[in-house]
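**Q** If you read the sequence shown in our numbering, its first letter stands for residue 512, the second for the next number, and so on.
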Amino acid sequence: MLNYDEKGKIVITCKDRFSPYLEEEVISLGFKPVKVERTFVEVYGSLNDCIDLNLHLRTASHVLYELKSFYLHKADDIYRRVKVLPWEDYLEPDTYFSVISTVDNETVTNPLFVNVRIKDAIVDRFREKFNRRPDSGSNLDGAVLQLFWKDTQATLYVNTSGETLAKHGYRKIPGHAPMLEALASATILASGWDMMSPFVNPMCGSGTLAIEAAMMATGRYPGLHRDHYSFMYFKGYDDAVYQKIKAKMERKIFRAPNLKIIASDISEQAVLFARENAAMAGVEELIDFQVCDFRDTNVPETGEGLVFFNPEYGERLGEEGDLGEVYQAMGDFMKQQCPGYIGLIFTGNMVLAKKVGLRTSRRIEFYNGTIDCRLLKYDLFKGKKQD
Numbered sequence: 512m513l514n515y516d517e518k519g520k521i522v523i524t525c526k527d528r529f530s531p532y533l534e535e536e537v538i539s540l541g542f543k544p545v546k547v548e549r550t551f552v553e554v555y556g557s558l559n560d561c562i563d564l565n566l567h568l569r570t571a572s573h574v575l576y577e578l579k580s581f582y583l584h585k586a587d588d589i590y591r592r593v594k595v596l597p598w599e600d601y602l603e604p605d606t607y608f609s610v611i612s613t614v615d616n617e618t619v620t621n622p623l624f625v626n627v628r629i630k631d632a633i634v635d636r637f638r639e640k641f642n643r644r645p646d647s648g649s650n651l652d653g654a655v656l657q658l659f660w661k662d663t664q665a666t667l668y669v670n671t672s673g674e675t676l677a678k679h680g681y682r683k684i685p686g687h688a689p690m691l692e693a694l695a696s697a698t699i700l701a702s703g704w705d706m707m708s709p710f711v712n713p714m715c716g717s718g719t720l721a722i723e724a725a726m727m728a729t730g731r732y733p734g735l736h737r738d739h740y741s742f743m744y745f746k747g748y749d750d751a752v753y754q755k756i757k758a759k760m761e762r763k764i765f766r767a768p769n770l771k772i773i774a775s776d777i778s779e780q781a782v783l784f785a786r787e788n789a790a791m792a793g794v795e796e797l798i799d800f801q802v803c804d805f806r807d808t809n810v811p812e813t814g815e816g817l818v819f820f821n822p823e824y825g826e827r828l829g830e831e832g833d834l835g836e837v838y839q840a841m842g843d844f845m846k847q848q849c850p851g852y853i854g855l856i857f858t859g860n861m862v863l864a865k866k867v868g869l870r871t872s873r874r875i876e877f878y879n880g881t882i883d884c885r886l887l888k889y890d891l892f893k894g895k896k897q898d
């Protein structure tokens, strides 16, 4: 069986441009990054450490533990290389498993061929040894294996996550064009919010930004809302270890009596959906929901805080020509009603961004799916500097 205490290479994948914020999370959990690239952070640790990472990470996609690295020249060699591995030490004969592959090799024209050959090798080994075979398919709800193959170097991993970690499990009603939970977390981390001053989210939609802010500010982690991971399906897994890590995570939740998080939307239905999602996340009572035009959002007069807009940008919902006035009004709102705050606008349309009429202090690069986006940061000074 797999030794869940044995140290090895762990690769934590993420969406492109998320890695600085994933690295920040990894360090906060006590791990030392070995390597950081645009789409992953590498650390050294055990499969039990992978459990810890899966439960805590907000900006990650998958947590991978290296099983075997080997030379692989051409597609015809895959079956032989994989079949010799002691799969009976890793999986029970009746375990459902799936395979994911990322391939950059001139002999492979269809990555699905690689998945099939790996599955065939594992199934045939079990059939020859036990006259039984595990089931396999494309669903990620059992044991998951992942191959990365570039040129002649291949590495096979236990994908300890299974389904992506980028979805945090509480959002049952996504609403229109929702922001992915991991993206919301990454943008909040990028904002530099101190998690104590007011967080104001006009145009809140399904409430993802406000919910993630409330979770961060009270020590709530995504693992609170999920009880199913791939690491549970490999031989050597000890449920007592998982339950201990989860109980420790639950004890990290703390009260923040002075926390002010405000989420508003002109759509009563959107606010209703946001409330229901917040209730699923356990943070409904921490958020002041308001049904109103964003211009009428109640901003605490604290002289400090964060006001965060995630407006439409003419890609999926609104047309660019209809949004110019909205962007201009957002700029007016921040300038007139949020003195001393940090203003943020997340957008994929820099033409519309010019309509805001305020000078940015930073432009932070992100992707929303395949859309090249920017998190625009504005220092909203009090008094004359504001102009």
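Built from N, CA and C at the ideal position, the CB exists for glycine as well.
As the structure is a computational prediction, the values presented were derived from the model and not from experiment.
Which value, in whole angstroms, describes the spacing of the CA atoms of GLU536 and LEU568?
**A** Stepping through the sequence shown from its first residue, residue 536 is reached at position 25. Stepping through the sequence shown from its first residue, residue 568 is reached at position 57. When rounded, the distance between both Cα atoms is 7 Å.
**Q** Between PHE844 and ARG806, which are expected to be in contact by the criterion C-beta below 8 Å, what is the C-beta distance as a whole number of angstroms?
**A** Locating residue 844 in the sequence shown gives position 333, counting from the first residue. Locating residue 806 in the sequence shown gives position 295, counting from the first residue. Confirmed, Cβ separation roughly 6 Å.
**Q** So, is PRO645 buried or exposed, given that buried needs 16 or more other C-beta atoms within 10 angstroms?
**A** The count along the sequence shown starts at 1 and reaches residue 645 at position 134. So PRO645 counts as buried.
**Q** Does the Cβ of TYR668 have 16 or more other Cβ atoms within 10 Å, making it buried, or fewer, making it exposed?
**A** Working through the sequence shown from its first residue, we reach residue 668 at position 157. Counting Cβ neighbours within 10 Å, TYR668 comes out buried, since at least 16 surround it.
**Q** For the alpha helix (DSSP H) that contains LEU564, what are its first and last residues?
**A** Locating residue 564 in the sequence shown gives position 53, where the first residue counts as 1. Segment 558-567, the alpha helix (DSSP H) holding LEU564.
**Q** Assign VAL810 to one of three DSSP states: helix, strand, or coil.
**A** As a position in the sequence shown, residue 810 is number 299, starting the count at 1. Residue state, collapsed to three classes: coil.
**Q** Nearest CA to the CA of ASN621: which residue from ALA586, LYS640 and LYS630?
**A** Against the sequence shown, residue 621 aligns to sequence position 110. Closest by alpha carbon: ALA586.
**Q** On a Cα-Cα basis, can you pick out the residue from LEU720, MET707, SER609 and MET861 that is closest to ILE882?
**A** One-based indexing of the sequence shown puts residue 882 at position 371. Here the closest residue by C-alpha is MET861.
**Q** Between the Cα of GLY730 and the Cα atoms of VAL545, ASP631 and LYS759, which residue gives the shortest distance?
**A** Here the question's residue 730 lines up with position 219 in the sequence shown. When each option's Cα is compared against that of GLY730, the closest is LYS759.
**Q** Should LEU828 go down as buried or exposed, given a rule of 16 or more other Cβ atoms within 10 Å for buried?
**A** Stepping through the sequence shown from its first residue, residue 828 is reached at position 317. Confidence at LEU828 is low in this model, with a pLDDT of 49, below 50, so its placement is unreliable and the value that follows should be read with caution. Answer is exposed; the Cβ neighbour count stays below 16.
**Q** Give the C-beta separation of TYR515 and VAL752 to the nearest angstrom, bearing in mind that I take them to be a contact with Cβ-Cβ under 8 Å.
**A** Residue numbering aside, residue 515 sits at position 4 when the sequence shown is read from its first letter. Residue numbering aside, residue 752 sits at position 241 when the sequence shown is read from its first letter. With a Cβ gap of about 7 Å, TYR515 and VAL752 count as contacting.
**Q** Using 7 Å as the cut-off, classify the Cβ of SER717 as near or not near the heavy atoms of the ligand GTP, replying yes or no.
**A** As far as ligands go, the structure on display features none, and thus does not contain the ligand GTP.
**Q** Just the Cα atoms here: how many angstroms apart are LEU818 and ALA789?
**A** Within the sequence shown, numbered from 1, the residue matching residue 818 stands at position 307. Within the sequence shown, numbered from 1, the residue matching residue 789 stands at position 278. It is worth fixing the name first, because residue 818 is Val in this sequence and not Leu. Distance between the alpha carbons of VAL818 and ALA789 is about 19 Å.
**Q** Helix, strand or coil, according to DSSP, for ASN788 in the structure here?
**A** For the purposes of this step, residue 788 is taken as the residue at position 277 of the sequence shown. ASN788 falls in the helix class under three-state DSSP.
**Q** Taking Cβ positions, are PHE529 and ALA693 nearer each other than 8 Å?
**A** Here residue 529 refers to the residue found at position 18 when the sequence shown is read from its first residue. Here residue 693 refers to the residue found at position 182 when the sequence shown is read from its first residue. Against a cut-off of 8 Å, the Cβ pair of ALA693 and PHE529 comes out as a contact.
**Q** For GLY734, does the count of other Cβ atoms within 10 angstroms reach 16, so buried, or fall short, so exposed?
**A** Within the sequence shown, residue 734 is the residue found at index 223, counting from 1. So GLY734 ends up on the buried side.
**Q** By a C-beta neighbour count over all protein chains shown, 10 Å radius and 16 as the cutoff for buried, is VAL545 buried or exposed?
**A** Within the sequence shown, numbered from 1, the residue matching residue 545 stands at position 34. Its Cβ having fewer than 16 others within 10 Å, VAL545 is exposed.
**Q** For HIS573, which three-state DSSP category applies?
**A** Within the sequence shown, the letter at position 62 stands for residue 573. Residue state, collapsed to three classes: strand.
**Q** Which first and last residues belong to the beta strand (DSSP E) in which ASN712 is found?
**A** Taking the sequence shown and counting its residues from 1, one reaches residue 712 at position 201. It spans 710-712 - the beta strand (DSSP E) in which ASN712 sits, taken as one unbroken run.
**Q** DSSP puts GLN848 in a beta bridge; with which residues?
**A** Position 337 of the sequence shown, counted from the start, is the residue given in the question as residue 848. For GLN848, which the question treats as bridged, DSSP gives no partner whatsoever.
**Q** Would you report the Cα separation of LEU691 and PHE710, rounded to the nearest angstrom?
**A** Residue mapping note: residue 691 aligns to position 180 of the sequence shown, counting from 1. Residue mapping note: residue 710 aligns to position 199 of the sequence shown, counting from 1. Cα to Cα, the separation comes out at about 19 Å.
**Q** For ARG628, report the span of its alpha helix (DSSP H) as first-last.
**A** Translated into positions along the sequence shown, residue 628 becomes position 117. Unbroken alpha helix (DSSP H) run through ARG628: 622-641.
**Q** Only counting the same chain, and skipping five residues up and downstream in sequence, which positions put a Cβ closer than 7 Å to that of THR618?
**A** Position 107 of the sequence shown, counted from the first residue, corresponds to residue 618. Closer than 7 Å at the Cβ level, and outside the excluded window around THR618, lie LYS585 and ALA586.
**Q** Counting only beta-carbon separations shorter than 8 Å, does GLY718 have a partner in chain C?
**A** Protein chain content of the structure displayed is limited to a single chain, and chain C is not contained in it.
**Q** Short of 6 Å in beta carbon distance, which residues of its chain neighbour THR675, apart from the five on each side in sequence? Order them along the chain.
**A** Position 164 of the sequence shown holds residue 675. So the list reads SER572, once near-sequence residues are dropped.
**Q** Rounded to the nearest angstrom, how far is the Cβ of PHE745 from that of LEU513, given a contact under 8 Å?
**A** Position 234 of the sequence shown, counted from the first residue, corresponds to residue 745. Position 2 of the sequence shown, counted from the first residue, corresponds to residue 513. So it is a contact: roughly 5 Å between Cβ atoms.
**Q** In whole angstroms, what separates the C-alpha of LEU602 from that of ASP833?
**A** Within the sequence shown, numbered from 1, the residue matching residue 602 stands at position 91. Within the sequence shown, numbered from 1, the residue matching residue 833 stands at position 322. Approximately 56 Å between the Cα atoms of the pair.
**Q** Quick check on this structure: which residue in LYS526, LEU700, ASN559 and MET791 has the alpha carbon closest to the alpha carbon of LYS518?
**A** By 1-based counting over the sequence shown, the position of residue 518 is 7. It is ASN559 whose Cα lies nearest to the Cα of LYS518.
**Q** Roughly how many whole angstroms lie between the Cα atoms of GLU599 and HIS679?
**A** What you label residue 599 is simply residue 88 of the sequence shown in a count that begins at 1. What you label residue 679 is simply residue 168 of the sequence shown in a count that begins at 1. If I take the Cα positions, the gap works out to 33 Å.
**Q** Can you find at least 3 beta carbon pairs, one from the segment 768-777 and one from the segment 694-705, that sit closer than 8 Å?
**A** They do not touch, by the three-pair rule.
**Q** If you draw a straight line from the C-alpha of THR808 to the C-alpha of VAL802, how long is it?
**A** Taking the first residue of the sequence shown as 1, we reach residue 808 at position 297. Taking the first residue of the sequence shown as 1, we reach residue 802 at position 291. Cα to Cα, THR808 sits roughly 9 Å from VAL802.
**Q** Per DSSP, GLU876 forms a beta bridge with which residues?
**A** Here the question's residue 876 lines up with position 365 in the sequence shown. DSSP lists ARG885 as partners of GLU876.
**Q** Identify, in the order they occur along the chain, each residue of the same chain with its Cβ nearer than 6 Å to the Cβ of LYS763, setting aside the five sequence neighbours on each side.
**A** Locating residue 763 in the sequence shown gives position 252, counting from the first residue. The residues are GLY730.
**Q** Could you tell me how far apart the beta carbons of THR524 and PHE551 are, in whole angstroms, since I believe they sit closer than 8 Å?
**A** Translated into the one-based positions of the sequence shown, residue 524 becomes position 13. Translated into the one-based positions of the sequence shown, residue 551 becomes position 40. 5 Å between Cβ atoms; contact.
**Q** Which same chain residues end up closer than 6 Å to LEU651 when comparing Cβ atoms and leaving out the 5 residues on each side of it in sequence?
**A** In the sequence shown, the residue the question calls residue 651 occupies position 140. Cβ within range, chain order: SER609, GLY673 and GLU674.
**Q** Go to THR671, then tell me how far its alpha helix (DSSP H) extends in each direction, as first and last residue.
**A** Locating residue 671 in the sequence shown gives position 160, where the first residue counts as 1. No alpha helix (DSSP H) holds THR671; DSSP gives it neither H nor E.
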